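Chains as they are written, first to last, in my numbering: chain R, 77 to 408; chain S, 77 to 408; chain C, 77 to 408; chain F, 77 to 408.
Number of protein chains: 4
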Amino acid sequence: MIAVLKQNATNEQIENLTEWLEGRGLNVHLSRGEFHTILGLIGDTSKVDTELLEGLEMVESVKRISEPFKNANRQFHPDDSIIEVCGLKIGGPNFQIMAGPCSVESEEQIINIAKSVKAAGASILRGGAFKPRTSPYDFQGLRADGIELLLEAKKQTGMPIVTEIMNANHLDLFEQVDIIQVGARNMQNFELLKELGLCKKPILLKRGLANTIQELLMSAEYIIAGGNRNIILCERGIRTFETYSRNTLDISAVPILYGLTHLPVVVDPSHASGFARLVSPLALAATAAGAHGLMIEVHNDPVNAMCDGAQSLTPEEFTLVSQKVGRIREVL
Amino acid sequence: MIAVLKQNATNEQIENLTEWLEGRGLNVHLSRGEFHTILGLIGDTSKVDTELLEGLEMVESVKRISEPFKNANRQFHPDDSIIEVCGLKIGGPNFQIMAGPCSVESEEQIINIAKSVKAAGASILRGGAFKPRTSPYDFQGLRADGIELLLEAKKQTGMPIVTEIMNANHLDLFEQVDIIQVGARNMQNFELLKELGLCKKPILLKRGLANTIQELLMSAEYIIAGGNRNIILCERGIRTFETYSRNTLDISAVPILYGLTHLPVVVDPSHASGFARLVSPLALAATAAGAHGLMIEVHNDPVNAMCDGAQSLTPEEFTLVSQKVGRIREVL
Amino acid sequence: MIAVLKQNATNEQIENLTEWLEGRGLNVHLSRGEFHTILGLIGDTSKVDTELLEGLEMVESVKRISEPFKNANRQFHPDDSIIEVCGLKIGGPNFQIMAGPCSVESEEQIINIAKSVKAAGASILRGGAFKPRTSPYDFQGLRADGIELLLEAKKQTGMPIVTEIMNANHLDLFEQVDIIQVGARNMQNFELLKELGLCKKPILLKRGLANTIQELLMSAEYIIAGGNRNIILCERGIRTFETYSRNTLDISAVPILYGLTHLPVVVDPSHASGFARLVSPLALAATAAGAHGLMIEVHNDPVNAMCDGAQSLTPEEFTLVSQKVGRIREVL
Amino acid sequence: MIAVLKQNATNEQIENLTEWLEGRGLNVHLSRGEFHTILGLIGDTSKVDTELLEGLEMVESVKRISEPFKNANRQFHPDDSIIEVCGLKIGGPNFQIMAGPCSVESEEQIINIAKSVKAAGASILRGGAFKPRTSPYDFQGLRADGIELLLEAKKQTGMPIVTEIMNANHLDLFEQVDIIQVGARNMQNFELLKELGLCKKPILLKRGLANTIQELLMSAEYIIAGGNRNIILCERGIRTFETYSRNTLDISAVPILYGLTHLPVVVDPSHASGFARLVSPLALAATAAGAHGLMIEVHNDPVNAMCDGAQSLTPEEFTLVSQKVGRIREVL
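What follows is the structure, given as structure tokens:
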């Protein structure tokens, strides 16, 4: 960590600050320049509050050199983490496709779709039971009943299931869920993250619409700090000024995360784009960029889907995507 | 609501869609053009799911004409809402300043600051007990103890208190809190909003960093839909590409919200800017733009504050701001 | 085009507006609703100024249905445009890689790199002679001499060249340049676009950092309106809040543009990311998303490059990317 | 300037780099830490290319400590610059309002508006002759004739005039123009900036929609580097995800620029918001935030204006704004 001091910092101020920092176990190196004095802080700075330091009157700016995430950091854990779900592996050389409807709507619907996507190459079934909706007047999901129906689909197809949690109080409903999803809007719901750190289940952590890659990793760090290292990161588009797509898929996040962390990264082209027509090119792009998996919305009857119909593929369309993805995987 | 159909929509498709929409109690007006056919949907469209309609193959785009928020909409409730807190009024011609430290740190600290800001013109005491922090390794607040200390400060100064909730399970700890704050990161924590709709306390609802003004109003709508109309909106900066300020204060949100909703709007220049030096000009700007109040971080010893020291005013600085704000209020 | 009128629009106002619109050759269809009246405007609305209409007191909002770009619109020209450059084709099924240094620095440098990238699969040589730099104190390019050196490299390798123009006054220096590049910062330099509309050379039009896809197409429309239909669009990253990459590559722009326009689209992963390490995954992603070509910075000695060294590939790295791109092209 | 080296940098690499930097006249201070080695570079670093340094393999990141703009920097020129225009002063304690139509449309129009805004308190007349329009099919301004009409209005009212240049070739048409405006889209048209550096006229430099405050100052630096120090900066809104306003006025830019530069800053609330209803609150906010002036669109007949009618005030509305602005100025 580097602290740049103002030109007018007095010797006494500098000495006091140096003493205070050394009291926290850091080594301090001083460089005096024509316009600024620089303190290089060496040691474990992950627990130093940058903002506190910036608040000091004599300090002009502070720059972290090590990333503030430690457990999620590839620098300290060079090998890829591989997350196991019912015998399937995600991460490293292992690639999985999660597919299914936005919302679970009925037993018939979820079972049909589950069978279709399995046949087409998906290995994990997605489906929303608790649905975060911008409007209180929109369909909010089947909630506990939706989870029951997902479990029935799992029983009939053997596919592990992933579904979103919105409230830590619901955790016992998720006992048989295989992967618990934290949605984009809850990426910084720290109370929820702390609870998920205490369970051992794999967590699919979606990046928030306006969250930086570093904030995504800090949220992963919350879960790991609680004791749960089974985290799959998910890029699903960020908010920009462009309006032709619902969000802007930050495809660069895939190789950037690969460099920063050992955790696997999957991409959700359905929410990123908001339009079925864009899902296939974005799924192929994510695969080519090195993602460890995909999460794709598929619906047997998109026109009558209770939400997100506009971005859902039909099982036939999904089959084509799945085949091309497989062939791109072979190239890499 | 207007639905623009694709050029190749067949007569049969159009008739089926018209019938389906009429079955939902809407009147449908058809305009046929050279390139497109347009359906004008008249009636109560607040419960029609726009995305579902856009998902239909024959539909090119859908445009809402009435805003999707109804209870928060000034069109249906032209008079300003005035929120009462322990005899104080916020909204309409009434202006209040909320001030206090980012975090409650000790009894001495909160009582001292409370007395200072009251003397300087603040009418409501702010202070964080539960703190949402990006890093799990940063100070997380005194939690329940922090609320106790705020209540002690209230007892000694007579000021009502506002503090942030992060988990609906904590609601009974907030029984004597006067205004419950929903932080920016929880603006779309819909499970929390639903719970707050069931209580009767005033809610200070902060806009999320990447949330549109419409989404802010939809979140207010969640609370009102539950039965609680006591909502104060808060603009606190949005995330942009600019890095000289922590966030970008969206000052236009003040007059825009004034036009769209009857709910009062306060501005938090401390979090919007992140630097004490910017707080005074932004506080004056917000007042001039027509805000119904301000929320300002004040600390007796910013350099040693446990968080947000960089953006806290000293009591002396706050006194100056408070005086200038009063004089601008007289001009308006 | 749809104009939504305010509830309080009088019959007389509506009649006057209708008459005025009909005087411009439009058919007007009226739908009256409980809260709003809607005018559907049918006919050639591309010359109606939306903002002017929105300025009318009785009008609440205006929505275009047809896109405002006409000559670039795929709706009216369904077949892919194919741009020819010295016998090479870009667009439709034809894919080309443009590669070379950020800046032309010396004869030896540009000739060496040209030979390397040609051997590795590039078909067009890029190189900056006029360089737009944020700082007046940074290297501004070899200017006219740089173009001379590019022409020498063309002579020795047979590769057509693409280089950026910053000033219409320099057009005669570009007489033997094969593709004239308009940089991101000049995408809305309309005076320059008008001049380029008058020449017949292929134009590589880069999307501005904060420009929408629609604005990119409107800038293409400026060039076509002048008589030059030889336009290649280029996505090179947009400005967002994320700081780990220099810009955010908007990969969705590739399939979106494919739907909206007949013009070919190439992607520049070097400027989009700003880091050599990210160029390969983004180049593969762009190829998989359906781009018609790539533009990649290659330097024989990135460490000593006079600009953009951080994002340049070595010839060896470029060879690997070029091979993988070819294999992904086979999959599609 | 600080360069953070990678953990695996060899002693030989560090020595070579140190030597190379010392050869450029810099003093180099070395701090070795557990994970990183830090070089503190002391001396005149304004001509070191940050990107070149970042391109070196052994370098992890580079941080400037001094701002890269030197002539525009308040640190080296602590006193406010005051720009004189026909005897009027802008900057320091002097405040001026520029008002007039978006476009000059006719002699009658511009003379009438000029008289109205002068009577209402404006001191400088604005009006567009050359108009940058997104669409080639929209009205492009009266061009040279527009400047003639502005000069006639100047003659009749005595007001100095400000109007936009889009092409350095037009400079002789601007010989009698008092302030030359560089529009947002041309803020990084460096060829134009260089030409304006050679003339002595005051330049009103508007911030680009996606340009940082630092880039705005670097563009000012281009003009100063050419020899022209008469620069007025203008904040006119940046592009964000919010759609209720055309752009997002970055009100914080006013106090931030005040801290960074000695140049005066004016605010254009008309282009920032896009709606007449928002102009008054934003004009008051900008005044309260400390702007040195305002630029406001006024039209005698907004409904029939040839562009930007939606955001133009009537002379009556402008009179009210101008009065309130004056009273807020008294408070400050």
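Even glycine gets a Cβ: it sits at the ideal position worked out from N, Cα and C. Predicted model, so just to flag it, every value in this text is computed and none were measured.
Relative to the C-alpha of residue i, which residue among the options is closest?
i, options, result
"Asn323 (chain F)", "S:Ser321, S:Asp326 and S:Glu136", "S:Asp326"
"Leu274 (chain S)", "S:Ala244, S:Asn287, S:Ala286 and S:Asp254", "S:Ala244"
"Glu291 (chain S)", "F:Tyr320, F:Asn287 and F:Ser295", "F:Tyr320"
"Ser356 (chain F)", "F:Leu272, F:Ile372 and F:Gly366", "F:Ile372"
"Leu293 (chain S)", "R:Ala359, R:Phe152, R:Pro212 and R:Ile114", "R:Pro212"
"Gly119 (chain S)", "S:Arg140, S:Leu354, S:Gly303 and S:Thr337", "S:Arg140"
"Glu184 (chain F)", "F:Arg315, F:Asn376 and F:Leu309", "F:Asn376"
"Glu143 (chain S)", "C:Val80, C:Lys191 and C:Ala362", "C:Val80"
"Ser199 (chain S)", "S:Ile308, S:Glu127, S:Pro236 and S:Pro208", "S:Pro236"
"Val238 (chain S)", "S:Arg261, S:Phe206, S:Leu268 and S:Asn265", "S:Phe206"
"Thr233 (chain S)", "S:Ala260, S:Ser192 and S:Ile256", "S:Ser192"
Residue i: buried (16+ other C-beta within 10 angstroms of its C-beta) or exposed?
i, result
"Ser182 (chain C)", "exposed"
"Leu93 (chain R)", "buried"
"Pro278 (chain C)", "buried"
"Gly101 (chain C)", "exposed"
"Arg405 (chain S)", "exposed"
"Ala220 (chain C)", "exposed"
"Gly335 (chain C)", "exposed"
"Lys154 (chain S)", "The question names Lys, but residue 154 (chain S) is Pro in the sequence shown. It is exposed - the Cβ of Pro154 (chain S) has fewer than 16 other Cβ atoms within 10 Å."
"Ala195 (chain R)", "exposed"
"Glu133 (chain F)", "exposed"
Using the three-state DSSP reduction, which class does residue i fall into: helix, strand or coil?
i, result
"Gly167 (chain S)", "strand"
"Lys207 (chain C)", "coil"
"Glu133 (chain F)", "coil"
"Val342 (chain C)", "strand"
"Ser179 (chain R)", "strand"
"Gln252 (chain R)", "coil"
"Met174 (chain C)", "strand"
"Thr126 (chain S)", "helix"
"His347 (chain R)", "helix"
"Gly369 (chain S)", "strand"
"Ala85 (chain C)", "coil"
"Glu143 (chain F)", "coil"
"Asp221 (chain S)", "helix"
"Lys282 (chain F)", "strand"
Would you mind stating whether residue i and residue j have Cβ atoms separated by less than 8 Å?
i, j, result
"Val161 (chain S)", "Asp254 (chain S)", "yes"
"Ile332 (chain R)", "Ile299 (chain R)", "no"
"Ile186 (chain R)", "Gly203 (chain R)", "yes"
"Gly116 (chain R)", "Ser107 (chain F)", "yes"
"Ala352 (chain S)", "Pro378 (chain S)", "yes"
"Met77 (chain R)", "Val124 (chain R)", "yes"
"Lys282 (chain R)", "Met263 (chain R)", "yes"
"His368 (chain R)", "Ile166 (chain R)", "yes"
"Arg403 (chain C)", "Val407 (chain R)", "yes"
"Gly176 (chain F)", "Ile189 (chain F)", "yes"
"Ser179 (chain F)", "Phe215 (chain F)", "yes"
"Val258 (chain C)", "Leu247 (chain C)", "no"
"Ala361 (chain S)", "Ala361 (chain F)", "yes"
Segment contact flag, the stretch 342-353 of chain R with the stretch 145-163 of chain R, C-beta cutoff 8 Å, min 3 pairs: Touching, no.
query: Touching or not, the stretch 168-175 of chain C and the stretch 222-240 of chain F, by the rule of three or more beta carbon pairs under 8 Å?
result: The stretch 168-175 of chain C vs the stretch 222-240 of chain F: no contact.
query: How do the stretch 390-403 of chain R and the stretch 84-91 of chain S stand: do at least 3 beta-carbon pairs fall below 8 Å, yes or no?
result: No contact exists between the stretch 390-403 of chain R and the stretch 84-91 of chain S.
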